[in-house]
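Sequential numbering from 118 applies to the sequence shown in this note's numbering. Backbone N, C-alpha and C fix where the C-beta goes; we use that ideal spot for every residue, glycine too. Please read all numbers here as calculations on a predicted model, not as lab measurements.
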Amino acid sequence: MDLSTPYSRHLAKLKIDRPTQNLQSDTPSGIKNEVKMKQQTNLTLLGGIITAGIVILSSFETATRTHSIGLLVENHTTATPQSEALEVLRHKCNVCHRKQNPFMVFNERNMVKRAKRINRAVFIQKRMPKGDLVKLSNDEYDILKAWLNQISIKQ
Ligand code: HEC
Numbered sequence: 118m119d120l121s122t123p124y125s126r127h128l129a130k131l132k133i134d135r136p137t138q139n140l141q142s143d144t145p146s147g148i149k150n151e152v153k154m155k156q157q158t159n160l161t162l163l164g165g166i167i168t169a170g171i172v173i174l175s176s177f178e179t180a181t182r183t184h185s186i187g188l189l190v191e192n193h194t195t196a197t198p199q200s201e202a203l204e205v206l207r208h209k210c211n212v213c214h215r216k217q218n219p220f221m222v223f224n225e226r227n228m229v230k231r232a233k234r235i236n237r238a239v240f241i242q243k244r245m246p247k248g249d250l251v252k253l254s255n256d257e258y259d260i261l262k263a264w265l266n267q268i269s270i271k272q
């Protein structure tokens, strides 16, 4: 067997790898066909991998979207007088208390215990929100009032 040129070495390798295809591989066109077949197999494989990738990615995306829709619905349906009041306390009271009155920072655990004081400061004495910078809108007063009514805080 002549192994002096790269082509003949290639032929020899093909013969060793695939003895049954010797006949076909011996002619240049047979080799061409084989190379072509190989390339096609590679392309098919690549296509398969890409398709699988797209399918996996899009299912991830759908999953995230479903998840966020689920969260939206959940937030919407679980909004209670207390959770709405807490939003007001967070945005209109804690912003200042965190610096000026750190022992009176409201959260879901302490707000009910402090409801009487909140009612007194906001609706009876009208001392809070302190200063001129932070004002409550009518809606926000209504939200606090609805929560205080719900837990029967009148004075
Ligand atoms: C710009 C700052 C600021 C804002 C805004 C503010 N507070 Fe205060 N708050 C204070 C300071 C300072 C104190 C402590 C001194 C005092 O009582 O005046 C205080 C004290 C309180 C107290 C305890 C006093 C008491 O009489 O029991 C309550 C309750 C209170 N705030 C409720 C609120 C509520 C509810 C809001 C929001 C609707 C609010 N505050 C917004 C500054 C603020």
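Practice task
Specify the secondary structure class of PRO246 as computed by DSSP and reduced to three states.
Solution key: coil
Practice task
Might you give, ordered along the chain, the residues of its own chain that have their beta carbon closer than 6 Å to the beta carbon of ILE235, omitting 5 neighbours on each side?
Solution key: none
Handout entry: CA-to-CA distance, SER200 to MET228, given in whole angstroms
Key = 10 Å
Problem - Close Cβ partners of ASN211 (< 8 Å) along its chain, the five nearest in sequence each way excluded - result: VAL222 and PHE223
Problem - CB of ALA196 within 7 Å of CB of LEU261, strictly - result: no
Practice task
Please name the residue, chosen from LYS247, LYS233 and VAL239, that lies closest to LYS216 on a Cα-to-Cα basis.
Solution key: LYS247
Handout entry: Contact test: LYS247 Cβ vs the ligand HEC heavy atom, cutoff 6 Å
Key = yes
Practice task
Report the three-state DSSP secondary structure of SER254 (helix, strand or coil).
Solution key: coil
Practice task
Taking only heavy atoms of the ligand HEC into account, decide whether any of them is closer than 6 Å to the Cβ of MET228.
Solution key: no
Exercise for the section: Run the CB neighbour count on ALA129, radius 10 Å, all protein chains shown included, and call it buried at 16 or more, exposed below. Expected result: exposed
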